[in-house]
Amino acid sequence: MKTPLPNPRAPERPTESGEPTHPPRNELRLPAPSCDPAAEPTGSSPLQGPRVEPGTYPSPEDVRHICAMKDLVVRNQAVTQSYSDLSNAVGQLLGTENANWSTFATWASKQAGVSIRGEDMPRFFTDVLKGLDGVTRPLSQVDDLLRKLGLPALPLADIGSAGNDAIQNVSLAISEGNKRVFEEVGQELSRFVATFQGDTQYDTAKVAQYLSEFPADKPVLEEAFGHYAQAMFETDPKKKAELMLLANNKVGLHEQRRLQPQIEQALNAPMKETFHGILRQTIEAQINALPFPANLAGKAALKSGVVDAALGPVVERMASAFRRLATEHMMKLAVPGSALKLGNDLPPPPGMESTLFPPHLRTIESPELRKLLAQFDKSPDSLEGSGAEDWSRLDQRMNYIIDLFRSRQSDPALFDPPFGQRVA
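Heads up, the sequence shown is in the working numbering, so the first residue is 10 and it goes up one at a time.
Structure below.
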């Protein structure tokens, strides 16, 4: 049955600060999640498990409606708010002593619309390129060729323009990835809440039936939600924390695999074409501006491929530099209390400078969780080496995400609303 939603419309466009001008859907009337593990979940009773108030989280139909929005900014706002609503709904069933995947997704989605659009990036990109010998050497060879053709050196402003166009390509790819993951995982989160709310004990047959409805091409996602179902009824706090981390990591792995085409599109393929196109257009315009017959040598160089061959090494190095800068300068995750740079190692959470991880996750007992961590965590039980040098690589993303989930899983601030405070 569809979960009724009084107003599935997305929040209004953000202001310059990135905040909506009015409270997003349901935000004012959602109960604040409890951060006390001993607190009884909202809507629970001795005879019935926790229930979630209808209309406080999106139904699968609402998820589809949001994904159909054409305004990319408004859609991202709606996705972000919906992740927060789903985080709270899942939290009412599983508790809020452990963040669920949607809790983290709230902040990743909020960042998606802004982290890759920095207005200072083209100038910053140009300034960095000036100091990169790997770029300046082949660029000087291009300038030597241009001088022989009677042309001025390539203006650095055009390199900045190429960076700006590359950022626009990145923005479109990030927006598509934001929609794709929400369309898939958002519906499953909603279905989980609708299926298990009110339950008081683990029902093997019910869980099996629920999991059988997952598509065959989503085995990791199916496993993840099976772990969430186990965690809902687990009374041992350490086992529950490990089940939650296992589930969160598997949802994360599923979504990162799904996002690979968009991430590669954002940080790899378009860069070379964009940089080459703009630099070639600049040279072609300079050649055409020369009077006859001074322009003949330049036109011959264009036609023969000499110009393209000279631009090749420059474009290759520019694309590589842009990928690194995108990770180091633009790829950030703003979470309550801090802004994390994905290219840097994760800092320890406040108060955990020596222990790094929450009490129940400082050691890992679950064999399945240990196996998953061993597969992707290149520095076990440490945050050193967690930074991603190239965010386009799945292994580097998962290395960062696994440490992020483990170190921040018990942070109650992650349940804060993304667009301002709730009113009781």
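Cβ atoms here follow ideal geometry from the backbone N, Cα and C, with glycine treated the same way.
Coarse secondary structure for residue i, derived from DSSP in three states
{"i": "A77", "result": "coil"}
{"i": "Q274", "result": "helix"}
{"i": "K350", "result": "strand"}
{"i": "A162", "result": "coil"}
{"i": "K227", "result": "coil"}
{"i": "D94", "result": "helix"}
{"i": "L299", "result": "coil"}
{"i": "R402", "result": "coil"}
{"i": "P67", "result": "coil"}
{"i": "M280", "result": "helix"}
{"i": "M361", "result": "coil"}
{"i": "N85", "result": "helix"}
{"i": "E243", "result": "coil"}
{"i": "Q210", "result": "coil"}
{"i": "R72", "result": "Just to set this straight, residue 72 is Val in the shown sequence, not Arg. Of the three classes helix, strand and coil, the one that applies to V72 here is helix, per DSSP."}
{"i": "N257", "result": "helix"}
{"i": "V151", "result": "helix"}
{"i": "F428", "result": "coil"}
{"i": "S313", "result": "helix"}
{"i": "F113", "result": "helix"}
{"i": "T105", "result": "coil"}
{"i": "V324", "result": "helix"}
Residue i versus residue j - alpha carbon distance
{"i": "G394", "j": "P228", "result": "29 Å"}
{"i": "Q274", "j": "Y211", "result": "43 Å"}
{"i": "T105", "j": "F113", "result": "13 Å"}
{"i": "S329", "j": "A298", "result": "32 Å"}
{"i": "I373", "j": "L320", "result": "52 Å"}
{"i": "T364", "j": "P356", "result": "12 Å"}
{"i": "Q177", "j": "A306", "result": "35 Å"}
{"i": "G159", "j": "A303", "result": "8 Å"}
{"i": "R415", "j": "D354", "result": "14 Å"}
{"i": "A217", "j": "S91", "result": "27 Å"}
{"i": "Q150", "j": "P164", "result": "14 Å"}
{"i": "G122", "j": "P359", "result": "27 Å"}
{"i": "Y219", "j": "L262", "result": "21 Å"}
{"i": "M241", "j": "L102", "result": "6 Å"}
{"i": "F366", "j": "D412", "result": "9 Å"}
{"i": "H236", "j": "N257", "result": "9 Å"}
{"i": "A182", "j": "T209", "result": "43 Å"}
{"i": "A351", "j": "I410", "result": "It should be pointed out that residue 351 corresponds to Leu in this sequence rather than to Ala. When rounded, the distance between both Cα atoms is 9 Å."}
{"i": "S43", "j": "L334", "result": "Caution is warranted here: a pLDDT of 40 is assigned to S43, below 50, making its placement in the model unreliable, and no coordinate value can be reported."}
{"i": "V315", "j": "E282", "result": "17 Å"}
{"i": "V344", "j": "R289", "result": "41 Å"}
{"i": "D152", "j": "S96", "result": "55 Å"}
{"i": "R146", "j": "A348", "result": "35 Å"}
{"i": "S180", "j": "M361", "result": "35 Å"}
{"i": "F424", "j": "G207", "result": "22 Å"}
{"i": "E62", "j": "F284", "result": "52 Å"}
Buried versus exposed call for residue i [16 or more other C-beta atoms within 10 Å across all chains shown]
{"i": "Y286", "result": "It is worth fixing the name first, because residue 286 is Gly in this sequence and not Tyr. Exposed, by the Cβ-count rule."}
{"i": "D420", "result": "buried"}
{"i": "P259", "result": "Note that residue 259 is Lys in the sequence shown, not Pro. Flag for K259 reads buried."}
{"i": "I186", "result": "As written in the sequence, residue 186 is Gly, which differs from the Ile given in the question. G186 should be labelled buried."}
{"i": "Q384", "result": "exposed"}
{"i": "A162", "result": "exposed"}
{"i": "T213", "result": "exposed"}
{"i": "A233", "result": "buried"}
{"i": "F301", "result": "exposed"}
{"i": "K119", "result": "buried"}
{"i": "L39", "result": "The predicted position of L39 is uncertain, since its pLDDT is 35 and thus under 50; a value taken from the coordinates is nonetheless stated next. Classification of L39: buried, given that the 10 Å Cβ count is 16 or more."}
{"i": "P368", "result": "exposed"}
{"i": "K312", "result": "exposed"}
{"i": "G195", "result": "buried"}
{"i": "T89", "result": "buried"}
{"i": "K249", "result": "buried"}
{"i": "T244", "result": "exposed"}
{"i": "D386", "result": "buried"}
{"i": "K188", "result": "buried"}
{"i": "G64", "result": "buried"}
{"i": "E222", "result": "exposed"}
{"i": "A294", "result": "exposed"}
Within-8 Å CB hit, residue i to chain C
{"i": "L81", "result": "Although the question refers to chain C, the structure presented lacks it and comprises just one protein chain."}
8 Å contact criterion, which residue i and residue j should meet: CB distance rounded
{"i": "A117", "j": "Y66", "result": "Not really, about 18 Å apart at Cβ, beyond 8 Å."}
{"i": "S272", "j": "S401", "result": "Note that residue 272 is Ile in the sequence shown, not Ser. Indeed they touch by this definition, with Cβ atoms about 6 Å apart."}
{"i": "A175", "j": "M280", "result": "5 Å"}
{"i": "S375", "j": "L255", "result": "6 Å"}
{"i": "P426", "j": "S93", "result": "6 Å"}
{"i": "L403", "j": "R266", "result": "7 Å"}
Residue(s) in a DSSP beta bridge with residue i
{"i": "A343", "result": "A348"}
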